[in-house]
Every structure is written in structure tokens, then in C-alpha cells.
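A.B. asks: Please read through the structure below; I'll follow up with questions.
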Amino acid sequence: MAKKRITNAVRTLRFQCGEMTQAELAKRIGVTRQTVIAIENDKYSPSLEVAFRIADVFGLPITDVFQYETAARRK
Amino acid sequence: MKNLSFRELSALGSALAVIFSAYAYFPDALWLSAAFSAGTTQGLERTDLVKFALGMVLLLIVIEVVYHVILAILMRSEAHEPADERDRLIGMKAVRIGYGVIVTGIVLLAGYLLTVDISGLVAVQYLLLVLFIGEGVRYASQFLLYRLGI
Numbered sequence: 003m004a005k006k007r008i009t010n011a012v013r014t015l016r017f018q019c020g021e022m023t024q025a026e027l028a029k030r031i032g033v034t035r036q037t038v039i040a041i042e043n044d045k046y047s048p049s050l051e052v053a054f055r056i057a058d059v060f061g062l063p064i065t066d067v068f069q070y071e072t073a074a075r076r077k
Numbered sequence: 010m011k012n013l014s015f016r017e018l019s020a021l022g023s024a025l026a027v028i029f030s031a032y033a034y035f036p037d038a039l040w041l042s043a044a045f046s047a048g049t050t051q052g053l054e055r056t057d058l059v060k061f062a063l064g065m066v067l068l069l070i071v072i073e074v075v076y077h078v079i080l081a082i083l084m085r086s087e088a089h090e091p092a093d094e095r096d097r098l099i100g101m102k103a104v105r106i107g108y109g110v111i112v113t114g115i116v117l118l119a120g121y122l123l124t125v126d127i128s129g130l131v132a133v134q135y136l137l138l139v140l141f142i143g144e145g146v147r148y149a150s151q152f153l154l155y156r157l158g159i
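Chains as they are written, first to last, in the numbering used here: chain B, 3 to 77; chain Y, 10 to 159.
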């Protein structure tokens, strides 16, 4: 089975959204700033609930924020 | 060290505190236990060994409290943040790793005790050592999971 990973556009969207700070996003989705940093660096895949909350903050569908990539698709 | 978060520093400090306490306690405790078993201690009683063990626990508590108070003062805003889903997940994974180490250690110790004739006092020290290693591994894996990601 091809290796899959979840990537995201949180950092880009944060800057497009009036340069929102990590602390502000963290407060709005109910996690710590360290967790936002980990999500942006692809070191942590959030729960479905937090993922929906992030998408909600940016007013986008969840698939515009998080992508599910296979190794083959990345090449 | 500068880019470490409060929780990373907390886990790292706890791991180091466990290692330090174990280093301060076990060499002498094992030697004393063996000496008691062989009856070669003069002027020392078993209660001295208990006092020594309690002293080690007290030392560990004092180190942890002082370290975390200093950390909380230096990183006030982060220290007050409640744990979120990532913190809880890392905590659970670290407990699972530490538990695995403790179970493995106990099984190995049981096997050792079945083959080698050692006193109950020394066996208790080995058991405590296994628990300490398990705790050290738990904190160390917590730190690594924060750094490397989950």
C-alpha cells in the first residue's frame, strides 16, 4: 500500500486571512499555539473536529485546508 | 533550548530528574541491600534503608516542584494553557511506551529471580529500578513525541 500523509495549507490561509497569528488561530479553534505550530509543520494531524473548526475559521470546505496525499501523487 | 515549549521542557526536566534520582539512589541502595542480605552491615539497620528510599522520593519531589515552579514563572503564558488533544494523545502514547518497558522489565526480572538466588531486599531494589526506568522512558518518549511529531 502506498504511504499516505495529510498535508495542509493552514500557514498560507492564515496569512491570507489578514496575517492571523498562530495564537489567535489557536484560541479560536481551542488548542494551544504549540499544536497550531505542529499542524503547520505537518508534525501533527488534528482530529476531525479540530480540522472542521480550522476550516470554519477560514470559511472554506475542509478539503481546501487539508489534503490526503499518497506518495505516488506527491511525485 | 530556546525554541522548546513549556511541555517539552517539563517532560525533559522530569526525565532528567528521574535519571538523577536513580543515579543518586540505586548504586548505594543495591550495595546496602546486598550487604544486609549477607549480614555484613555493622551499625546499620533496615530502617536506614527505608529512610534512604524515602529520601530519594523526597529528593525527586523537591527537584520536580522547584523545576516546575521556575519553569512556570519563566513561561507564564504557556504554563497556564490547558492541555489540548495533542497533549493528551502524546501523554497516552508515552504512558503506553513506559508501560511496555515496565512490563518487559518485570518479566525479565521474574525470569532472573527464577534462575538466580537473590534476597528479597535486592529483588525489591531491582523492581524499583524497573519502575524508575519505565518512568524515565515515559518522560523521554513524551519529549521525543513533542519534538519529532506524532
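Glycine is no exception: its CB is placed at the ideal position from the N, C-alpha and C atoms.
Here the structure is a predicted model, which is why all the values come from computation and not from measurement.
Please state whether the Cβ-Cβ distance between S30(Y) and L68(Y) is less than 8 Å.
C.D. replies: Within the second sequence, residue 30(Y) is the residue found at index 21, counting from 1. Within the second sequence, residue 68(Y) is the residue found at index 59, counting from 1. Contact: yes.
A.B. asks: Buried or exposed for V67(B), please, with buried defined as at least 16 other CB atoms from any protein chain shown within 10 angstroms of its CB.
C.D. replies: Within the first sequence, the letter at position 65 stands for residue 67(B). When all chains shown are included, V67(B) counts as buried.
A.B. asks: State the CB to CB distance for the pair E144(Y) and V27(Y), rounded to an integer number of angstroms; the pair is presumed to be in contact (CB under 8 Å).
C.D. replies: Along the second sequence, read from residue 1 onward, the residue named residue 144(Y) stands at position 135. Along the second sequence, read from residue 1 onward, the residue named residue 27(Y) stands at position 18. The pair is a contact, with the Cβ atoms about 5 Å apart (cut-off 8 Å).
A.B. asks: How far does the beta strand (DSSP E) with T72(B) in it reach, from first residue to last?
C.D. replies: Translated into positions along the first sequence, residue 72(B) becomes position 70. Run containing T72(B): 68-72, per the beta strand (DSSP E) assignment.
A.B. asks: Taking only the alpha-carbon atoms, compute the straight-line gap between A119(Y) and T49(Y) and give it to the nearest angstrom.
C.D. replies: Position 110 of the second sequence, counting from 1, holds the residue named residue 119(Y). Position 40 of the second sequence, counting from 1, holds the residue named residue 49(Y). Their backbone Cα atoms lie some 26 Å apart in a straight line.
A.B. asks: At what residues does the alpha helix (DSSP H) containing P36(Y) begin and finish?
C.D. replies: What you label residue 36(Y) is simply residue 27 of the second sequence in a count that begins at 1. Taken as a continuous stretch (DSSP letters only), the alpha helix (DSSP H) holding P36(Y) covers 15-47.
A.B. asks: Kindly identify the DSSP beta-bridge partner or partners of N12(Y).
C.D. replies: Taking the first residue of the second sequence as 1, we reach residue 12(Y) at position 3. Paired residue(s): none; N12(Y) is not in a bridge.
A.B. asks: Using 8 Å as the cut-off, can you tell me whether the segment 51-70 of chain B makes contact with the segment 27-37 of chain B, which would need three or more C-beta pairs spanning the two stretches below that distance?
C.D. replies: Enough Cβ pairs lie closer than 8 Å, so yes.
A.B. asks: Excluding the 5 residues preceding and the 5 following R16(B) in the sequence, name in chain order all residues of the same chain whose CB lies nearer than 7 Å to its CB.
C.D. replies: Locating residue 16(B) in the first sequence gives position 14, counting from the first residue. Result list for R16(B): M22, L27, in chain order.
A.B. asks: Residue range of the alpha helix (DSSP H) that A11(B) falls in?
C.D. replies: In the first sequence, the residue the question calls residue 11(B) occupies position 9. Taken as a continuous stretch (DSSP letters only), A11(B) belongs to no alpha helix (DSSP H), as it is neither H nor E.
A.B. asks: Straight-line CA distance for D112(Y) to P63(B)?
C.D. replies: Walking along the second sequence from the start, residue 112(Y) turns up at place 103. Walking along the first sequence from the start, residue 63(B) turns up at place 61. Reading the sequence as shown, one finds Val at residue 112(Y) and not Asp. Rounded to whole angstroms, V112(Y) to P63(B) spans 45 Å at the Cα level.
A.B. asks: Put Q51(Y) into one of helix, strand or coil per three-state DSSP.
C.D. replies: The count along the second sequence starts at 1 and reaches residue 51(Y) at position 42. Three-state result, Q51(Y): coil.
A.B. asks: Whose CA, out of D37(Y), R95(Y), G52(Y), lies closest to the CA of V131(Y)?
C.D. replies: Stepping through the second sequence from its first residue, residue 131(Y) is reached at position 122. If we check each option's Cα against that of V131(Y), D37(Y) comes out closest.
A.B. asks: If the cut is a Cβ gap below 9 Å, which residues of chain Y does V12(B) touch?
C.D. replies: Here residue 12(B) refers to the residue found at position 10 when the first sequence is read from its first residue. Ordered by position in chain Y, no residue passes the 9 Å Cβ test against V12(B), which lies about 14 Å from the chain.
A.B. asks: Quick one: give me the first and last residue of the alpha helix (DSSP H) that I159(Y) is part of.
C.D. replies: Within the second sequence, numbered from 1, the residue matching residue 159(Y) stands at position 150. Element bounds for I159(Y): n/a, residue is neither H nor E.
A.B. asks: Considering I31(B), what are the terminal residues of the alpha helix (DSSP H) in which it resides?
C.D. replies: As a working note, residue 31(B) is residue 29 in the first sequence. First-last of the alpha helix (DSSP H) with I31(B): 24-31.
A.B. asks: Where do the ends of the alpha helix (DSSP H) carrying I127(Y) lie?
C.D. replies: Working through the second sequence from its first residue, we reach residue 127(Y) at position 118. No alpha helix (DSSP H) holds I127(Y); DSSP gives it neither H nor E.
A.B. asks: Quick one: does the C-beta of A44(Y) sit closer than 7 Å to a heavy atom of the ligand HEM?
C.D. replies: As presented, the structure is devoid of all ligands, the ligand HEM included, so that no description of it is given.
A.B. asks: Helix, strand or coil for E90(Y) per DSSP?
C.D. replies: The sequence position of residue 90(Y) within the second sequence is 81, counting from 1. Assigned with DSSP and collapsed to three states, E90(Y) falls in coil, not helix or strand.
A.B. asks: Looking at the secondary structure, which residues open and close the alpha helix (DSSP H) in which L62(B) lies?
C.D. replies: What you label residue 62(B) is simply residue 60 of the first sequence in a count that begins at 1. First-last for L62(B): undefined, no H or E at that position.
A.B. asks: Which chain Y residues are close to V33(B), counting only those with a beta carbon under 8 Å from its beta carbon?
C.D. replies: To locate residue 33(B), count along the first sequence from 1; it is residue 31. Result: D93, E94, R95.
A.B. asks: Can you name the residues of chain Y whose CB is closer than 8 Å to the CB of Y46(B)?
C.D. replies: Locating residue 46(B) in the first sequence gives position 44, where the first residue counts as 1. Neighbours of Y46(B) on chain Y, chain order: R95, G158, I159.
A.B. asks: Would you give the residue range spanned by the alpha helix (DSSP H) that Q42(B) belongs to?
C.D. replies: Taking the first sequence and counting its residues from 1, the one referred to as residue 42(B) is at position 40. A small fix is needed here, since residue 42(B) is Glu in this sequence, not Gln. Note, E42(B): alpha helix (DSSP H), 35-42.
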